[in-house]
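Trainee: Heads up, the sequence shown is in numbering that gives the first Met the number 0, so the first residue is 0 and it goes up one at a time. Ideal Cβ positions, reconstructed from N, Cα and C, are used throughout, including at glycine. Since the structure is predicted, the reported quantities are computational estimates derived from the model, not experimental observations.
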Amino acid sequence: MAIRWRKTGELLCAAMTDEEKDDTYIDDRLHYQLSVILRCIVADVKHENNGRWYWWLHNDDRQG
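#1: How do the segment 1-11 and the segment 19-29 stand: do at least 3 beta-carbon pairs fall below 8 angstroms, yes or no?
#2: Whole angstroms are fine: how far does the CA of Ile36 sit from the CA of Met15?
#3: Can you tell me where the alpha helix (DSSP H) holding Arg28 begins and where it ends?
#4: Where Ala13 and Asn49 are concerned, what is the direct C-alpha to C-alpha distance, given to the nearest angstrom?
#5: Can you have a look at Trp52 and say buried or exposed, based on whether 16 or more other CB atoms are within 10 angstroms of its CB?
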């Protein structure tokens, strides 16, 4: 479940995409932290076909 963070800003499934120069590799543990624990990235509704992930900006109830 690793992700490639492209220089263009795209977040892509590492298993579904080829590595490109200047990609930042997000390993499984950090991906889990970002998607499950922090819920700040979410898979595209067509993720099975396009492998895209997006930053999810949401209101944080813990802030005053």
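Mentor: In this structure, then:
#1: The segment 1-11, when compared against the segment 19-29, does touch it at the 8 angstroms Cβ threshold.
#2: So the alpha carbons of these two residues sit roughly 23 angstroms apart.
#3: Asp27 to Tyr31
#4: 11 angstroms
#5: Trp52 is buried by the Cβ-count criterion.
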